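Asker:
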Amino acid sequence: MSPSDQRLAAAIEQWFPLNARDLPWRNPRTPWRALVSELMLQQTQVSRVLERFEPFMDRFATPCSLASADEQDVLAMWQGLGYYRRARSLHRAAREIVDRFDGEVPIDAVSLCSLPGVGRYTAGSIASIVGGAREAIVDGNVMRLLARVHCDGASPTDRVFIKRVWSWAQNLVDICEQPPLLNEGMMELGATVCTPTLPSCDKCPLAALCQSRLQGRVSEIPPPKRSAARQELHHYAVVIKRRGKVLLEQRAATGLWAGMWQAPAIESQTILSESEVIKRLPFPLQSLRIQKVMQRTLTHRNVTLHIYSGSLKRGARVPATMGVKWVPVGGLADVPISNAGHAVLAADNS
DNA sequence: CAGGCGTGGCT
DNA sequence: TAGCCAAGCCT
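First residue of the first sequence: 9, per our numbering; consecutive thereafter.
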């Protein structure tokens, strides 16, 4: 612990109460609201979560309420937020909270970390901010903030660097006055002042202590992560409507858009001919008309959506398997469908 | 353990 | 515009 750690912690703890945004999960702050908001916020902008948090809490007010819900209803409440495994993890976490913790969200880091979807950051965040424990937290904000304060230009993916940041964060929370103020203050500073581009150093309470500022290197730290190359994915979807209903299939339980529903589709890394698409579809189709082609960029995939409208051959029956169903066009909001899936359904004019 | 996992905003 | 980024976790 360096002497400046004391001053760093004090500066953050003084700054935060005067500059905290009025975010819904801070008032009232309960372990359950903290857990739900933390899951929603993983790799997701605050502005996206703002619109979705209270409706989710209204629907699932307690762990018991979520635990007794159907997973499909949970996914439907999550649709459009992305990273859908989080919704399934939260659902399973609620069931474990009922089974193992008598329906009360634990606030110790070890118990929290044992829940699905809860890792070191999320557990530390709830344990420290809700429970007041001296647990460190390191998210993207804290990593950037501390890298700049210490003028450490290592790659953010470097594991040794990441361990170093956790060590800095633990030192700070060990010596601070109030862990909730320190930890939430660090995140808030990173989110609103020590931003990735154009940080507001003139408003930063750490400016006098910030080594990268003193050395004029703020803009170089942290260095950009090089993004992974995106693979091409061709998604051939057929929108089949009949008597005000549309035919949907459920995606596989793992992988992209796991468990979500969509217009029946064939996926391939390469371009397919129309006849190949027809051949691979599990339904006998009478006609197939191209409606639209759209691009979607995902984290690691470049998806081309080839959207067709189609009709089944006369008398054709859709196999009555689980994972295929007719859904009224007006009831699509109740079925978990990704934004790409909604775009496909909306592009069809038939 | 490096890569998979969504979406939209920003530059 | 093409790429980077966001309150990470899981396998």
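Backbone N, C-alpha and C define an ideal beta-carbon position, used for all residues, glycine too.
All of these numbers come straight from a predicted model, not from anything done at the bench.
In terms of alpha-carbon separation, which member of M151, R309, C212 and M85 lies closest to V2?
Answerer: There is simply no residue 2 to check, as the chain begins at 9 and stops at 358 in what is shown.
Asker: Taking 8 Å as the cut-off, does the stretch 63-71 touch the stretch 216-236 (at least 3 CB pairs, one atom from each stretch)?
Answerer: The answer is no - the stretch 63-71 does not touch the stretch 216-236, with fewer than three Cβ pairs under 8 Å.
Asker: Is it buried or exposed, L58, if we count other Cβ atoms within 10 angstroms and call 16 or more buried?
Answerer: Within the first sequence, the letter at position 50 stands for residue 58. L58 comes out exposed.
Asker: What is the DSSP secondary structure of W334, counted as helix, strand or coil?
Answerer: The residue given as residue 334 occupies position 326 in the first sequence. Three-state result, W334: strand.
Asker: Give me, in chain order, the residues of the same chain whose beta-carbon lies closer than 8 Å to that of V337; leave out the 5 immediate sequence neighbours on both sides.
Answerer: Taking the first residue of the first sequence as position 1, residue 337 is located at position 329. Excluding positions up to five away in sequence, the list reads K249, G252, K253 and V254.
Asker: Based on Cα-Cα distance, which residue from W40, A266 and G127 lies nearest to G349?
Answerer: In the first sequence, residue 349 corresponds to position 341, counting from 1. Checked all of W40, A266 and G127; the closest Cα to G349 is A266.
Asker: May I ask which residues mark the beginning and end of the alpha helix (DSSP H) holding K287?
Answerer: Taking the first sequence and counting its residues from 1, the one referred to as residue 287 is at position 279. Start and end: E282 to R288.
Asker: Looking at the structure shown, is G323 part of a helix, part of a strand, or coil, going by DSSP?
Answerer: Counted from its first residue, the first sequence places residue 323 at position 315. G323 falls in the coil class under three-state DSSP.
Asker: Kindly give me the distance between the Cβ atoms of I134 and L120, rounded to whole angstroms, as I take these residues to be in contact under 8 Å.
Answerer: Locating residue 134 in the first sequence gives position 126, counting from the first residue. Locating residue 120 in the first sequence gives position 112, counting from the first residue. Right, the Cβ-Cβ distance comes to about 6 Å (below 8 Å), so this counts as a contact.
Asker: Buried or exposed: where does T130 fall if 16 or more other Cβ atoms within 10 Å of its Cβ makes it buried?
Answerer: Walking along the first sequence from the start, residue 130 turns up at place 122. The residue is buried, with at least 16 neighbouring Cβ atoms inside 10 Å.
Asker: Pairing CB atoms from the stretch 152-166 with CB atoms from the stretch 208-223, are three or more of them under 8 Å?
Answerer: Cβ pair count under 8 Å is three or more, so yes.
Asker: Give me the Cα-Cα distance between P25 and R167, rounded to the nearest whole angstrom.
Answerer: Counting from one through the first sequence, the residue named residue 25 turns up at place 17. Counting from one through the first sequence, the residue named residue 167 turns up at place 159. The straight-line gap from Cα to Cα measures roughly 33 Å.
Asker: For the stretch 17-24 against the stretch 177-192, are there 3 or more C-beta pairs whose distance is under 8 Å?
Answerer: Contact holds: three or more Cβ-Cβ distances are below 8 Å.
Asker: Taking the C-alpha atoms as reference points, what is the distance between D116 and P39?
Answerer: Within the first sequence, residue 116 is the residue found at index 108, counting from 1. Within the first sequence, residue 39 is the residue found at index 31, counting from 1. Rounded to the nearest angstrom, the two C-alpha atoms are 11 Å apart.
Asker: By Cβ distance below 7 Å, which residues in the same chain neighbour P114 in space, the five residues on each side in sequence not counted?
Answerer: In the first sequence, the residue the question calls residue 114 occupies position 106. Excluding sequence neighbours, P114 sits near L120.
Asker: Rank H243, D107 and M85 by C-alpha distance to the C-alpha of A341 and give the top, closest one.
Answerer: On the first sequence, residue 341 is found 333 positions in, with the first residue counted as 1. Per the Cα distances, M85.
Asker: Within its chain, find whatever has a CB closer than 8 Å to the CB of S163; leave out the 5 residues flanking it on each side and keep chain order.
Answerer: Here the question's residue 163 lines up with position 155 in the first sequence. For S163, where only same-chain residues beyond five positions count, the Cβ hits under 8 Å are F169, P230, P231 and K233.
Asker: Suppose the cutoff is 7 Å on Cβ atoms and the five residues either side in sequence are ignored; what does the same chain contact list for R60 look like?
Answerer: If you number the first sequence from 1, residue 60 lands on position 52. Counting only Cβ-Cβ distances below 7 Å, and skipping sequence neighbours, we find M48 and L89.
Asker: To the nearest angstrom, how far is the alpha carbon of E196 from that of A260?
Answerer: Start at 1 with the first residue of the first sequence, and residue 196 comes out as number 188. Start at 1 with the first residue of the first sequence, and residue 260 comes out as number 252. Roughly 38 Å separates the two Cα atoms.
Asker: Rounded to the nearest angstrom, how far is the Cβ of G140 from that of P188, given a contact under 8 Å?
Answerer: Locating residue 140 in the first sequence gives position 132, where the first residue counts as 1. Locating residue 188 in the first sequence gives position 180, where the first residue counts as 1. With a Cβ gap of about 6 Å, G140 and P188 count as contacting.
Asker: Leaving out the 5 sequence neighbours to the left and right, which residues in its chain are closer than 7 Å to R103 when beta-carbon positions are compared?
Answerer: The residue you call residue 103 lines up with position 95 of the first sequence. The answer, listed in chain order, is A75.
Asker: For C72, which of L98, W33, V146 and N27 has the nearest alpha-carbon?
Answerer: For the purposes of this step, residue 72 is identified with residue 64 of the first sequence, where counting begins at 1. Nearest of L98, W33, V146 and N27 to C72, Cα basis: L98.
Asker: What is the DSSP secondary structure of I134, reduced to helix, strand or coil?
Answerer: To locate residue 134, count along the first sequence from 1; it is residue 126. Three-state DSSP puts I134 in a helix.
Asker: Is M302 near L320, with beta carbons less than 7 Å apart?
Answerer: Walking along the first sequence from the start, residue 302 turns up at place 294. Walking along the first sequence from the start, residue 320 turns up at place 312. No, they are not a contact pair.
Asker: Quick one: which unbroken alpha helix (DSSP H) runs of 4-plus residues sit fully inside the stretch 52-90? Chain order, please.
Answerer: Listed in chain order, they are 54-67, 71-75 and 79-86.
Asker: Let's test the definition: count the other Cβ atoms within 10 Å of the Cβ of I298 and tell me whether it reaches 16, buried, or not, exposed.
Answerer: Looking up residue 298 in the first sequence gives position 290. Label assigned to I298: exposed.
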